[in-house]
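Q:
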Amino acid sequence: MPVGKGDASKGASLFKTRCAQCHTLGNGEPHKVGPNLHGLFGRKSGTTDGYSFTAANVNKGVTWDDETLFEYLENPKKYIPGTKMAFAGLKKEKDRNDLITHLKEAVRCSPFIPPLMTSPDEPSFPSRPHERRLFDDFHTYLIRFLSCLLLRTGASHTHIHTST
4 MPVGKGDASK
14 GASLFKTRCA
24 QCHTLGNGEP
34 HKVGPNLHGL
44 FGRKSGTTDG
54 YSFTAANVNK
64 GVTWDDETLF
74 EYLENPKKYI
84 PGTKMAFAGL
94 KKEKDRNDLI
104 THLKEAVRCS
114 PFIPPLMTSP
124 DEPSFPSRPH
134 ERRLFDDFHT
144 YLIRFLSCLL
154 LRTGASHTHI
164 HTST
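The sequence shown begins at 4 in the numbering used here and counts up by one.
1) Would Ala11 count as contacting chain D if we go by Cβ distances under 9 Å?
2) Report back the beta-carbon spacing between Val65 and Lys47 to the nearest angstrom; my notes put them in contact at under 8 Å.
3) Within its chain, find whatever has a CB closer than 6 Å to the CB of Val61; leave out the 5 residues flanking it on each side and keep chain order.
4) Assign Ala15 to one of two classes, buried (16 or more other C-beta atoms within 10 Å of its C-beta) or exposed (fewer than that).
5) Check each candidate in Trp67, Lys19, Gly53 and name the one with the smallest Cα separation from His34.
6) Could you check the C-alpha separation between Leu149 and Gly42 for me, to the nearest Å?
7) In three-state terms, what does DSSP make of Thr66?
8) Nearest by alpha-carbon distance to Asp68: which of Gln24, Asn100, Met88, Ala59 is it?
9) Have a look at Lys19 and Glu96 and give me their C-alpha separation to the nearest angstrom.
10) What are the boundary residues of the alpha helix (DSSP H) that Asp98 is part of?
11) Assuming Ala59 and Thr86 form a contact by the criterion Cβ under 8 Å, report the distance between their Cβ atoms to the nearest whole angstrom.
12) So the alpha helix (DSSP H) Gly14 belongs to, where does it begin and stop?
The structure is reproduced here in structure tokens:
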């Protein structure tokens with residue numbers, strides 16, 4: 004079984020039992036022994052802000068995607084010799100696919116919750132700039148939340164109907 008679609012709920016269980024001791028997933032959550040994984044897909048190894056990686060991770064320069072994670076998660080120390088990650092890996096391909104599917108959903112569906120108010124010195128819209136900014140921030144958050152909800156339920160944007 005090569006890289007493929009896994010079961011996100013089984014991946015969540017795997018993350019909880021095998022990964023959560025060292026990693027967080029949410030946007031803005033702190034690093035633990037390992038780095039926060041928010042924004043992992045498409046990022047180069049060893050580049051998470053605020054986390055001190057080994058030279059091996061930085062020098063590997065791999066861009067994380069389904070294929071690279073699939074290979075890495077089988078045996079992290081073999082994939083990046085010199086990494087400080089103590090995890091022995093997931094030998095079963097199904098487990099790796101389940102975990103990757105969960106990670107793709109979890110790290111892409113952590114909407115940023117913007118601040119409620121801005122500085123009065125900040126240039127903004129019409130006569131009540133704070134109210135306008137609050138509306139815009141809420142609107143942005145709502146769109147992100149609904150997008151994540153649709154991703155998790157497997158629906159597409161064509162299933163959203165508005166009435167007048």
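Note that the Cβ used here is the ideal one computed from N, Cα and C, for glycine as well.
A: A quick look at the data gives this:
1) Given the protein chain composition of this structure (a single chain), no chain D is represented.
2) 7 Å
3) Hits under 6 Å: Gly49.
4) Around the beta carbon of Ala15, a 10 Å sphere encloses 16 or more other beta carbons of the protein chains shown; the residue is thus reported as buried.
5) Gly53
6) 19 Å
7) strand
8) Asn100
9) Cα-Cα distance, rounded: 18 Å.
10) 96-111
11) That belief holds up - the Cβ atoms of Ala59 and Thr86 are roughly 5 Å apart, short of 8 Å.
12) 11-17
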